[in-house]
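Protein chains in written order, with UniProt numbering: chain B, 1 to 307; chain Z, 1 to 307. Cβ coordinates follow ideal geometry from the N, Cα and C atoms, glycine included. Bear in mind the structure is a predicted one, so any value in this text is a computation, not a measurement.
Number of protein chains: 2
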Amino acid sequence: MSKIFVFGHQNPDTDAIGAAISFAHLQKELGKDVEAVALGAPSEETQFALTTFGLVAPRVITSVKPEADSVMLVDHNEFQQSAADIAEVTILSVVDHHRIANFETANPLYYRAEPVGCTSTIILKLYKEAGIEVPKAIAGIMLSAIISDTLLFKSPTCTEEDVAAAKELATIAAVDLQSYGLDMLKAGTNLSTKSVATLLDLDAKSFPMGDKNVRIAQVNTVDIAEVLERQAEFEATMASENAKNGYDLFLLVITNILDSDSELLVVGEPKANVEAAFQVTLTDNRAFLPGVVSRKKQVVPPLTESF
Amino acid sequence: MSKIFVFGHQNPDTDAIGAAISFAHLQKELGKDVEAVALGAPSEETQFALTTFGLVAPRVITSVKPEADSVMLVDHNEFQQSAADIAEVTILSVVDHHRIANFETANPLYYRAEPVGCTSTIILKLYKEAGIEVPKAIAGIMLSAIISDTLLFKSPTCTEEDVAAAKELATIAAVDLQSYGLDMLKAGTNLSTKSVATLLDLDAKSFPMGDKNVRIAQVNTVDIAEVLERQAEFEATMASENAKNGYDLFLLVITNILDSDSELLVVGEPKANVEAAFQVTLTDNRAFLPGVVSRKKQVVPPLTESF
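This is the structure:
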């Protein structure tokens, strides 16, 4: 029972998996009995990164007990994005780069959040502060996380610190940042072979807003039109997910990673809040959002504001 | 409107005032347009420290707008312990050593919490990370905050990092740690001249627990019996404060800073949760809590647990 689990959010992206692996390695070096785990299987993008650097995906758990009674969270803090029994275990630490909400502890803890583009950028600082060297494979997965979260530095969430960290990690990992980065992002855009249900769950998070429950999914692509060929099927599945899970509103953000634009598809109510948030008129339940690529910085804040 | 307010919690103690002064100085050195303010006047203990080191108490505010629209919080995060309009302004950063609860932001922020005895211990780290020197007077108020929060290292909240930071700051401030520390703590125990209402408000915080609103005040003394001479008056005032402010339960923790014990006085309901939390039986609404000196570590967690 003394073991400590380290994990990122549900529907893990490359940062959620990569930060768990790299933070767990740091904690092991500092003498802690930790295990990196995940709240879901790696995406194709994440698997591409893991394979490139010879790493194994963390095993998947859904709840912490009875295997462990304390945890270290990375890349999230909101309980509804975490393990099913998160409220019943001791949270020893959090390393994150998101807003803080729907989070509380009974005791003081170690909490390190910075408004940077990627958790792994903060974790690189923690290695330096502890005087621990970053191994080559760990550097590789941390670099992959930064590329993923910042869309190769194109996201408005990207800071100078993220770029500097990525360059440093690319040197340790011995890869060319640009070419590796594009290869990795493209590995994650193979959407045509995936079911609509899978795509809607790939990178989706729930956000309580006002008294509504809002689900926001995001997919990356190099061809928005190709994704929209299945619009009717998406809408039907989003509607049934709303009914099944009690979501009031389901937003799908389809992001073109090359052009850095997104198309928004909306099912549920209140749609008026969505139109107000982005100052658009939904046509056929859709709106084009030029320059929008970041859920955290460009989608959640205006929506939260409008609720 | 570009100014940023830096402040600690309501009913400020020496750490709330000292951390605001020292963190504001650091931010000014880093080029930010900040002003240290306070959500209340300094206690006698804090005033003793300010006078010793030639510092002026921060001016008192109750709400942030219209003077500023963004803030940096120190030594607290819970909204009910903060400025009246905290939910309407942008929280840029938090430096704290308490549990996280009743706190949320719309945007990512800088959050630095560590489970150490005093916020000023963390702020000393931030000076070092930024490569900024701590001036003599600032070192003096930071040292005073550590002595206050750890009761001169006797509190179970005190860590090795707090002791090391205090020693380092005492050298910069050019004072003898032990003799200055005792003088400062004693300056805060002059209770006999203060009204019961003043004592109950000196260092008091509210905590939502379950569906109850719990008020916990603490006073430091060198003579518990002297404080209890006014028990009947305390109880009457605590009952009227409960009625006036919607507190369900009011706990007064009377701490002997020399013996490191406390006497608990309880008004309101459910008293059974208090008895269960501390495994005591209240007699005449009181119980002796041997070895208990820390509200944060020895009072709030068992109470939270029992609710």
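Helix, strand or coil: which one does DSSP assign to residue i?
{"i": "tyrosine 110 of chain Z", "result": "strand"}
{"i": "isoleucine 132 of chain Z", "result": "coil"}
{"i": "asparagine 11 of chain B", "result": "coil"}
{"i": "leucine 282 of chain B", "result": "coil"}
{"i": "phenylalanine 5 of chain B", "result": "strand"}
{"i": "phenylalanine 105 of chain Z", "result": "For the record, residue 105 of chain Z in the displayed sequence is threonine; it is not phenylalanine. Looking at threonine 105 of chain Z - three-state DSSP - the assignment turns out to be coil, as it is neither helix nor strand."}
{"i": "alanine 145 of chain Z", "result": "helix"}
{"i": "alanine 139 of chain Z", "result": "helix"}
{"i": "alanine 16 of chain B", "result": "helix"}
{"i": "alanine 166 of chain Z", "result": "helix"}
{"i": "leucine 152 of chain B", "result": "coil"}
{"i": "threonine 171 of chain Z", "result": "helix"}
{"i": "threonine 159 of chain B", "result": "coil"}
{"i": "glutamine 178 of chain B", "result": "helix"}
Could you tell me which chain B residues have their CB closer than 7 Å to the CB of residue i, listed as they occur along the chain?
{"i": "asparagine 107 of chain Z", "result": "Arg99, Pro301"}
{"i": "glutamate 160 of chain Z", "result": "Near glutamate 160 of chain Z there are no residues of chain B at all, since even the closest Cβ is about 15 Å away, more than 7 Å."}
{"i": "phenylalanine 7 of chain Z", "result": "Those within 7 Å of phenylalanine 7 of chain Z in chain B number zero; the least Cβ separation is about 19 Å."}
What residues of chain B sit near residue i, judged by a beta carbon separation below 9 Å?
{"i": "alanine 276 of chain Z", "result": "The contacting residues do not exist; alanine 276 of chain Z stays about 16 Å from chain B at best."}
{"i": "lysine 296 of chain Z", "result": "Asn107, Pro108"}
Figure out for me which residue from the options has the closest Cα to the Cα of residue i.
{"i": "glycine 188 of chain Z", "options": "Z/Gly131, Z/Ile257, Z/Lys205, Z/Ala243", "result": "Z/Ile257"}
{"i": "alanine 49 of chain B", "options": "B/Phe234, B/Tyr247, B/Asp183", "result": "B/Asp183"}
{"i": "isoleucine 224 of chain B", "options": "B/Val95, B/Phe288, B/Asp203", "result": "B/Phe288"}
{"i": "valine 34 of chain Z", "options": "Z/Cys118, Z/Val64, Z/Gln10, Z/Asn245", "result": "Z/Val64"}
{"i": "phenylalanine 234 of chain B", "options": "B/Ser260, B/Pro208, B/Gly210, B/Gly268", "result": "B/Gly268"}
{"i": "phenylalanine 307 of chain Z", "options": "Z/Asp259, Z/Ala277, Z/Ser120", "result": "Z/Ala277"}
{"i": "residue 317 of chain Z", "options": "Z/Gly8, Z/Leu151, Z/Asp96", "result": "With chain Z running from 1 to 307 in the structure shown, residue 317 of chain Z is simply not present."}
{"i": "isoleucine 146 of chain Z", "options": "Z/Arg286, Z/Asp15, Z/Phe5, Z/Lys3", "result": "Z/Asp15"}
{"i": "serine 262 of chain Z", "options": "Z/Leu251, Z/Pro208, Z/Lys271", "result": "Z/Leu251"}
{"i": "valine 300 of chain Z", "options": "Z/Val163, Z/Thr157, Z/Thr119", "result": "Z/Thr157"}
{"i": "serine 120 of chain Z", "options": "Z/Leu199, Z/Gln10, Z/Val163", "result": "Z/Val163"}
{"i": "arginine 286 of chain Z", "options": "Z/Asn273, Z/Leu265, Z/Lys32", "result": "Z/Leu265"}
{"i": "serine 155 of chain Z", "options": "Z/Lys128, Z/Val116, Z/Gln178", "result": "Z/Val116"}
{"i": "valine 94 of chain Z", "options": "Z/Ile86, Z/Ala84, Z/Gln80, Z/Leu109", "result": "Z/Leu109"}
{"i": "glutamate 229 of chain Z", "options": "Z/Val196, Z/Ala204, Z/Leu249", "result": "Z/Val196"}
{"i": "aspartate 201 of chain B", "options": "B/Val6, B/Asp13, B/Phe7, B/Ile4", "result": "B/Asp13"}
{"i": "lysine 194 of chain Z", "options": "Z/Leu169, Z/Asn220, Z/Pro208, Z/Ala170", "result": "Z/Asn220"}
{"i": "valine 222 of chain Z", "options": "Z/Thr237, Z/Ala232, Z/Lys186", "result": "Z/Lys186"}
{"i": "serine 260 of chain Z", "options": "Z/Leu143, Z/Leu282, Z/Ser192, Z/Phe153", "result": "Z/Phe153"}
{"i": "glutamate 67 of chain Z", "options": "Z/Lys3, Z/Thr237, Z/Ser179", "result": "Z/Lys3"}
{"i": "glycine 31 of chain B", "options": "B/Gln231, B/Ile132, B/Ala41", "result": "B/Ile132"}
{"i": "leucine 249 of chain B", "options": "B/Asp284, B/Leu124, B/Met209", "result": "B/Met209"}
{"i": "phenylalanine 79 of chain Z", "options": "Z/Cys118, Z/Asn190, Z/Asp149, Z/Leu39", "result": "Z/Leu39"}
{"i": "glutamine 47 of chain B", "options": "B/Ser144, B/Ala36, B/Lys128", "result": "B/Ser144"}
Which residues of chain B have a Cβ atom closer than 8 Å to the Cβ of residue i, listed in chain order?
{"i": "glutamate 88 of chain Z", "result": "By Cβ distance, chain B contributes nothing, its closest Cβ being about 12 Å from glutamate 88 of chain Z, past 8 Å."}
{"i": "alanine 16 of chain Z", "result": "Under the 8 Å cutoff, chain B gives no residues; its nearest Cβ is about 16 Å from alanine 16 of chain Z."}
Using a cut-off of 9 Å between C-beta atoms, extract the partners of residue i located in chain Z.
{"i": "phenylalanine 103 of chain B", "result": "Ile100, Ala101, Phe103, Glu104"}
Using the beta-carbon of each residue, which ones in chain Z are nearer than 8 Å to residue i?
{"i": "alanine 145 of chain B", "result": "In chain order: nothing, as chain Z lies at least about 16 Å away."}
{"i": "threonine 304 of chain B", "result": "Ala106"}
By the criterion of Cβ-Cβ separation under 7 Å, what are the contact partners of residue i in chain Z?
{"i": "tyrosine 110 of chain B", "result": "Ala113, Glu114, Pro115"}
Answer with yes or no whether the minimum CB distance from residue i to chain A is below 7 Å.
{"i": "threonine 221 of chain B", "result": "Among the protein chains in the structure shown, which are B and Z, there is no chain A."}
The stretch 160-180 of chain B / the stretch 132-141 of chain B touching (three or more Cβ pairs under 8 Å)
yes
Count the CB pairs spanning the stretch 57-75 of chain B and the stretch 14-29 of chain B that are closer than 8 Å, and state whether there are at least three.
yes
At what residue ranges does the UniProt domain "DHHA2" (181-307) of chain B contain a whole run of the beta strand (DSSP E), taking only runs of 3 or more?
204-209, 212-221, 249-256, 261-268, 286-289
Do the stretch 293-304 of chain B and the stretch 13-22 of chain Z touch if we need at least three Cβ pairs shorter than 8 Å?
no
Alpha helix (DSSP H) segments (min. 4 residues) lying fully within the stretch 18-77 of chain B:
44-52
Pick out the complete beta strand (DSSP E) segments inside the stretch 78-102 of chain B, 3 residues or longer, and give them in chain order.
90-96
Meets three-Cβ-pair contact criterion under 8 Å: the stretch 234-253 of chain B and the stretch 202-222 of chain B:
yes
With a cut-off of 8 Å, do at least 3 Cβ pairs link the stretch 75-89 of chain Z to the stretch 44-58 of chain Z?
no
I want to know whether the stretch 92-107 of chain B touches the stretch 83-100 of chain Z - three or more CB-CB distances under 8 Å.
yes
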